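Going down the list, the protein sequences come from chains A and B.
For the first sequence, our numbering assigns the number 17 to the initial residue and increments by one for each residue that follows.
For the second sequence, our numbering assigns the number 1297 to the initial residue and increments by one for each residue that follows.
Built from N, CA and C at the ideal position, the CB exists for glycine as well.
Computed from a predicted model, the values in this text were never measured in an experiment.
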Amino acid sequence: DAMVIQNPRYQVTQFGKPVTLSCSQTLNHNVMYWYQQKSSQAPKLLFHYYDKDFNNEADTPDNFQSRRPNTSFCFLDIRSPGLGDAAMYLCATSIDSGPNWGNQPQHFGDGTRLSIL
Amino acid sequence: GENVEQHPSTLSVQEGDSAVIKCTYSDSASNYFPWYKQELGKGPQLIIDIRSNVGEKKDQRIAVTLNKTAKHFSLHITETQPEDSAVYFCAATYGNEKLTFGTGTRLTIIP
Chain A
17 DAMVIQNPRY QVTQFGKPVT LSCSQTLNHN VMYWYQQKSS QAPKLLFHYY
67 DKDFNNEADT PDNFQSRRPN TSFCFLDIRS PGLGDAAMYL CATSIDSGPN
117 WGNQPQHFGD GTRLSIL
Chain B
1297 GENVEQHPST LSVQEGDSAV IKCTYSDSAS NYFPWYKQEL GKGPQLIIDI
1347 RSNVGEKKDQ RIAVTLNKTA KHFSLHITET QPEDSAVYFC AATYGNEKLT
1397 FGTGTRLTII P
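Put into structure tokens, the structure is as follows:
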């Protein structure tokens, strides 16, 4: 089945130690998103790619970076994780339907739960 | 920017009864309204969506209604089952703007 896969499902890192989360998709979707979701809250968009174009949300900390080497893969890098970065990180994709590409259903992976020691 | 309010925050329903979750949005430009179901430890899953050119959409036990004039939309689940227990998020967007989510509703189905 076509899907969005996130690895690992659980990640533990130390305070200040860089960590990378990965996402792959078999849907061949042009748009990919990274969200942060804290307990009992809605997902919060960090950034998205429209094809190779990277779009950072204004309130996303500089500590968060992303790479998209090809259509299928996307990575979230947290350069110096702080305790406040402990959260579920969700990757999502959507199809490119032209100018109104944001109006398409987003398909989410099951997330990576990040813990900071 | 868009603001989406969602009510109630928690909802308990007897199995077999109906559940209704309501959302209001602020930006009249919004024209796409998805609903997501999130089970514990999983990512949000799209269960139904509606566009502004339609007033109602139904898929088996799930329906969504949209009132553009009042800027609100609602999720209706009939004949609820234990597997309907989850957190439900509404959202709104238009063009290539980001999805704005509601704050979520934790639905519990009581057997």
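What are the start and end residues of the beta strand (DSSP E) that includes residue i?
i	result
Thr76 of chain A	That residue, Thr76 of chain A, is in no beta strand (DSSP E); it is neither H nor E in DSSP.
Phe91 of chain A	89-94
Ala103 of chain A	103-110
Tyr51 of chain A	47-53
Asn1363 of chain B	1358-1363
Pro1330 of chain B	1328-1334
Mind checking if residue i is an interface residue toward chain B, Cβ cutoff 8 Å exclusive?
i	result
Asp117 of chain A	In the sequence on display, residue 117 of chain A carries Trp and not Asp. Output row for Trp117 of chain A: interface = yes.
Phe124 of chain A	yes
Gly32 of chain A	no
Pro24 of chain A	no
From residue i to residue j, what does the alpha carbon distance come to, in whole angstroms?
i	j	result
Gly1351 of chain B	Pro1378 of chain B	28 Å
Phe1442 of chain B	Leu62 of chain A	For residue 1442 of chain B there is no data in the structure shown, the boundaries of chain B being 1297 and 1407.
His64 of chain A	Thr76 of chain A	11 Å
Leu130 of chain A	Phe31 of chain A	12 Å
Thr29 of chain A	Leu133 of chain A	6 Å
Gln46 of chain A	Gln81 of chain A	Note on residue identity: the sequence assigns Asn, not Gln, to residue 46 of chain A. Near 19 Å, if we compare the C-alpha coordinates of Gln81 of chain A and Asn46 of chain A.
Phe70 of chain A	Leu1371 of chain B	34 Å
Measure from the C-beta of residue i to each C-beta in chain A and report whether the shortest distance is under 8 Å.
i	result
Gln1341 of chain B	yes
Gly1391 of chain B	yes
Gly1398 of chain B	yes
Leu1395 of chain B	yes
Phe1369 of chain B	no
Tyr1321 of chain B	no
Pro1304 of chain B	no
Under a Cβ-count criterion, where at least 16 other Cβ atoms within 10 Å of its own Cβ denotes burial, should residue i be classed as buried or exposed?
i	result
Asn119 of chain A	buried
Met19 of chain A	exposed
Asp1380 of chain B	buried
Gly1400 of chain B	buried
Which residues does DSSP pair with residue i in a beta bridge?
i	result
Thr1374 of chain B	According to DSSP, Thr1374 of chain B bridges with nothing at all.
Ser82 of chain A	A:Leu92
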